[in-house]
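Visitor:
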Amino acid sequence: MRDQPNIAVIGAGVIGTTVAKLFQDQLRNANITVIADKYSADTTSDIAAGIFRPGTSFKGPTMEITKKWLKDSWQFWQDILKTPDAEQMGVMPLGSYIFSKENYHVTRNHLMEDLVPIYRPATKEELKMGPEGTKFGSYFSTLKVECERYLPWMGKIIVERGGKMTRGKVDSFASLSNYDLVFNCAGLGARHLCNDHDLVPIRGQVIKVKAPWVKYALYGDYDTYIIPGLNGVVTLGGVRGYDSYNLNYCKYDAAAILERCCEFLPNLKNAEVIAHRVGLRPHRLPVRVEPELIDGLKVVHCYGHGGYGVMTAPGTAINAVELGVNFLRSNVKNKL
Ligand SMILES: Cc1cc2nc3c(=O)[nH]c(=O)nc-3n(C[C@H](O)[C@H](O)[C@H](O)COP(=O)(O)OP(=O)(O)OC[C@H]3O[C@@H](n4cnc5c(N)ncnc54)[C@H](O)[C@@H]3O)c2cc1C
Ligand SMILES: *[C@@H]1O[C@H](CO)[C@@H](O)[C@H](O)[C@H]1NC(C)=O
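Positions 327 to 662 (our numbering) are the ones given, in order, by the sequence shown.
#1: Starting from Leu611 and walking both ways along the beta strand (DSSP E), at which residues does that stretch end?
#2: Taking the alpha carbon of Asp617 as the reference point, which residue from Cys520, Leu477, Asn504 has its own alpha carbon closest?
#3: In this structure, does DSSP put Ser399 in helix, strand or coil?
#4: Going by other Cβ atoms of all chains shown within 10 Å of its Cβ, with 16 needed for buried, is Tyr548 buried or exposed?
#5: Who are the near neighbours of His436 in its chain, counting only those whose CB is closer than 7 Å to its CB and skipping five residues on each side?
#6: Here's the rule I'm using: 16 or more other beta-carbon atoms within 10 Å means buried, otherwise exposed. How should Lys661 be labelled?
#7: Thinking just about the alpha-carbon of each residue, which of Lys408, Arg655, Ala646, Leu611 is nearest to the one in Trp395?
#8: Inspect the beta-carbon positions of Ala334 and Val508 and report whether they are closer than 7 Å.
#9: Say the cut is 6 Å; is the CB of His631 nearer than that to a heavy atom of ligand 1?
#10: Give me the residue from Lys450, Gly339, Asp497, Leu619 with the minimum Cα distance to Asp506.
#11: Arg493 bridges to which residues according to DSSP?
#12: In terms of alpha-carbon separation, which member of Thr344, Gly546, Gly635, Val615 lies closest to Thr388?
#13: Which residues bound the alpha helix (DSSP H) around His436?
#14: What residues come near ligand 3, if near means a beta carbon less than 5 Å from any of its heavy atoms?
#15: Relative to the alpha-carbon of His609, which residue among Glu598, Ala516, Thr344 has its alpha-carbon at the smallest distance?
#16: Across which residues does DSSP place Asn645 in a beta bridge pair?
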C-alpha cells in the first residue's frame with residue numbers, strides 16, 4: 327500500500343460525505359477527493375426530513391447486517407447528541423407518534439423496537455391526537471438529522487484535513503483508474519454507473535412550513551407525516567411514486583399532503599410555506615455495500631438506501647470504510 331493512497335469518493339450526499347469523513351478517521355494520511363455534480367442544497371439528502379425510523383422493508387444482505395447497520399447508526403447519532411455541537415450539526419432528539427385508523431401492524435416496527443429506549447403503545451388519551459377514528463397508535467423516542475447543517479459541517483472537516491471536494495460528473499469507473507480505491511456513493515446516479523436495474527427511484531414530495539409549535543413527529547395512514555425540525559421548520563409529507571423520475575413539483579400532491587396533515591393539526595392550514603421540495607429516493611433491495619474489482623480498479627459500493635439514507639448513513643459508511651481499508655491493503659492486483 328502506498329504511503330498516501332489516493333482515494334476518490336463519488337457523491338457528496340449524506341452517504342459520500344459520511345464515508346469520506348469516516349475513511350479519514352481510519353486513515354489520516356489518505357488523499358481523499360470527493361467528486362460530485364451536486365452539493366448540499368442540490369442533493370436528495372438535503373430534501374429529507376432525516377428522521378430515524380427505518381421502514382420495516384429496509385434491508386441489507388442479511389438480517390444480522392441490517393441490524394448492525396442500524397445499531398451502529400443509532401450509536402453514531404447518539405454520540406453526537408452527547409456533544410455541544412449536536413444542534414449545529416443538525417442532530418436533535420425527537421418524540422414521535424404513529425397512528426392508524428385501520429392497521430395495527432403499521433404501528434409496530436421490529437427494527438425500531440429493538441433499538442430505541444422507548445417504544446410503547448399509545449394511551450387512550452394519546453390516540454385522540456390522531457385524526458377522527460384513530461384506533462391504533464405507538465409512541466417512540468427517536469432523533470432526526472438535518473442535512474442542511476450536517477453536510478456542510480462534515481464537509482468542512484474533510485477539507486480541513488486536506489481532503490478535496492470537486493465538482494464533476496463521473497461517466498465511468500475507467501475514468502478513475504489512477505485512484506487506488508473508489509467509493510461509489512452516487513445514490514440514484516449508480517443506476518447508470520453500474521448499469522444496476524435493481525436501483526429504482528421512489529419519488530417523494532414534501533412541503534416545508536414554519537410551525538414552531540409542533541413538538542412531536544406524527545405519522546398517519548397514506549404516507550402522511552409531520553416532522554418538526556430546527557428553527558421551527560416542519561416537514562409535511564408525503565408521497566411514494568415507485569419508478570417515477572418526475573422531479574417536478576405537483577400541485578395535486580401538495581394539496582393532498584396538506585389535507586391529510588390538517589386532519590392531524592388543522593392549524594397547519596395557516597402555516598407559512600417555506601418551500602416545496604421533490605426528490606427521488608434511491609431504492610434498492612438490498613442496499614448495496616460491497617467491494618468489487620472493476621477492470622483492476624478497487625471499488626466499494628455504498629448506495630441504494632431508499633427512504634432511509636440519512637438515518638442509516640453512519641452504519642453503512644462504517645461497513646463500507648472497513649471493506650475499503652481491507653481492500654486497499656489486499657493483494658488483488660491493481661490494473662490487471
Ligand atoms: C421526500 C423525501 C423524504 C425523505 N425522508 C427521509 C428521512 O426522514 N430519513 C431518512 O433517513 N431518509 C429520508 N429520505 C431518503 C434520503 O434522502 C436518501 O436515502 C439519501 O439522501 C440518499 O443519500 P445519497 O448520498 O445516497 O444520495 P444523494 O443525496 O442523492 O447524493 C448523491 C450524490 O452523488 C452525486 N452523483 C451521482 N451520480 C454521479 C456521477 N455520475 N458523477 C458525479 N457525482 C454523482 C450527486 O451529485 C450527489 O452529490 C427521504 C427522501 C426523500 C426524497
Ligand atoms: C491527491 O489526489 C489528487 C487527485 O487525484 C491529485 O491531484 C494529487 O496529486 C494527490 N496528492 C498526492 C500528494 O498524491
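In this text, a Cβ means the ideal position worked out from N, Cα and C, and glycines have one as well. Computed from a predicted model, the values in this text were never measured in an experiment.
Guide: To lay it out plainly:
#1: 598-620
#2: First, the residue type needs correcting, since residue 617 is Pro and not Asp in the sequence shown. Considering only alpha carbons, the answer is Cys520.
#3: helix
#4: exposed
#5: Thr382
#6: The predicted model places Lys661 with a pLDDT of 44, which falls under 50 and marks its position as unreliable; any figure quoted below should be read in that light. Lys661 comes out exposed.
#7: Ala646
#8: yes
#9: yes
#10: Leu619
#11: Ala362
#12: Val615
#13: 436-439
#14: Among the ligands modelled here, namely ligand 1 and ligand 2, ligand 3 does not occur.
#15: Ala516
#16: DSSP lists no partner for Asn645.
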